[in-house]
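Counting from 1 along the sequence shown, just add 8 to a position and that's the residue number in this note's numbering.
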Amino acid sequence: PDQRRGGGGGLGPGRQGIGLLQFGSGARGHSHGDGGVANIEQSLAKLQGQIINPGQIFSFNDIVGPRTEENEFQQVPVVLKDKVEPDIEAGVRQVATTLYKPILLLGVKIIEREISDYYTPALDYCKQGLEATVATSGADFKFQNTLDFPVLLEGIAEQGSLTIKALGIRELPYKIDIR
9 PDQRRGGGGG
19 LGPGRQGIGL
29 LQFGSGARGH
39 SHGDGGVANI
49 EQSLAKLQGQ
59 IINPGQIFSF
69 NDIVGPRTEE
79 NEFQQVPVVL
89 KDKVEPDIEA
99 GVRQVATTLY
109 KPILLLGVKI
119 IEREISDYYT
129 PALDYCKQGL
139 EATVATSGAD
149 FKFQNTLDFP
159 VLLEGIAEQG
169 SLTIKALGIR
179 ELPYKIDIR
């Protein structure tokens, strides 16, 4: 059966039910212009459809891979410590941070997460302390699926909005009888 959709046939009299757990997180206002949007789309494409099985450890950096121009990520001018500097991670951190909230709500084990040293109120897509900073050369966002069912990641970026969902399908602890 297709794990991503719960698989198998429909519900009949006296059959176990399947429950869908869905936690999502959204952010408006892509940061850093076209380059930041391209980096969001590039990293989101790597996350799309990822299935994290029970016991499996998910690493954002392992899935998204190195942020390099060869991997189609773009340098974007950003303000860091009152200076404008090129940053190839711009937009990617927004994806990691947007992923953090639904993962947190699922209640799985967070193994590694760092908050930003450069938080500014301009980061309107999250509150201070709820970031998940990532960097090819260091900080990662890692969690372990401690649930007894797989988790599917889905996301979309469109019209200045980024949404990421963590979906889980599990058998319900009761029977459903539809007549």
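For every residue, glycine included, the Cβ atom is placed at its ideal position computed from N, Cα and C.
- Query: So, helix, strand or coil for Gly63, using DSSP?
  - Reply: Taking the first residue of the sequence shown as 1, we reach residue 63 at position 55. Correct three-state label for Gly63: coil.
- Quick one: what's got a C-beta closer than 6 Å to Gln64's C-beta in the same chain, skipping five residues either side? Counted from its first residue, the sequence shown places residue 64 at position 56. The answer, listed in chain order, is Asn153.
- Query: Nearest to Ala147 by alpha carbon, out of Arg75, Pro62, Ile59?
  - Reply: Residue numbering aside, residue 147 sits at position 139 when the sequence shown is read from its first letter. If we check each option's Cα against that of Ala147, Arg75 comes out closest.
- Which residues DSSP lists as bridging Glu80, in chain order: Stepping through the sequence shown from its first residue, residue 80 is reached at position 72. Answer by DSSP bridge pairing: none, since Glu80 is not bridged.
- Message: Assuming contact is defined by CB atoms lying nearer than 7 Å, are Ala104 and Ala46 in contact in what I supplied?
- Response: Within the sequence shown, residue 104 is the residue found at index 96, counting from 1. Within the sequence shown, residue 46 is the residue found at index 38, counting from 1. Contact flag unset, no.
- Go through its chain and collect everything with a Cβ distance to Ser67's Cβ below 7 Å, but skip five positions before and after it. Within the sequence shown, residue 67 is the residue found at index 59, counting from 1. Cβ neighbours of Ser67 beyond the five flanking positions: Asp148, Lys150.
- Would you give the residue range spanned by the beta strand (DSSP E) that Ile111 belongs to? As a working mapping, residue 111 is identified with position 103 in the sequence shown. For Ile111, there is no enclosing beta strand (DSSP E); the enclosing alpha helix (DSSP H) has its first and last residue at 100 to 114.
- Query: Residues in its own chain within less than 6 Å of Ala165 by CB, not counting five upstream and five downstream?
  - Reply: For the purposes of this step, residue 165 is taken as residue 157 along the sequence shown, with counting starting at 1. Correct list, in chain order: Ile48, Glu49, Leu52.
- Task: Determine the DSSP secondary structure at Gln50, reduced to helix, strand or coil.
- Result: Within the sequence shown, numbered from 1, the residue matching residue 50 stands at position 42. Three-state DSSP puts Gln50 in a helix.
- Same chain, Cβ closer than 6 Å to Leu107, neighbours up to 5 away in sequence not counted: Residue mapping note: residue 107 aligns to position 99 of the sequence shown, counting from 1. Closer than 6 Å at Cβ, skipping near neighbours: Ile172.
- Item | Helix, strand or coil at Asp70 according to DSSP, with G and I counted as helix | As a first step, residue 70 is located in the sequence shown; it is residue number 62 there, counting from the start. Reduced to three states, the DSSP call for Asp70 is helix.
- Cα separation between Arg121 and Pro94? The residue labelled residue 121 in the question sits at position 113 within the sequence shown. The residue labelled residue 94 in the question sits at position 86 within the sequence shown. About 23 Å.
- Message: Can you look up Val45 in the DSSP assignment and give me helix, strand or coil?
- Response: Mapped onto the sequence shown, residue 45 falls at position 37. Reduced to three states, the DSSP call for Val45 is helix.
- Cα-Cα, which of Ile118, Ile123, Gln167, Leu114 is closest to Leu175? Position 167 of the sequence shown, counted from the start, is the residue given in the question as residue 175. Residue Leu114 is the option with its Cα nearest to Leu175.
- Please confirm whether Ile59 and Pro158 have their CB atoms less than 7 Å apart. Mapped onto the sequence shown, residue 59 falls at position 51. Mapped onto the sequence shown, residue 158 falls at position 150. The beta carbons of Ile59 and Pro158 sit closer together than 7 Å.
- Is it right to say Leu170 is buried, meaning 16 or more other beta carbons lie within 10 angstroms of its own, or is it exposed? Residue 170 sits at position 162 when you count from the first residue of the sequence shown. Per the 10 Å Cβ criterion, buried.
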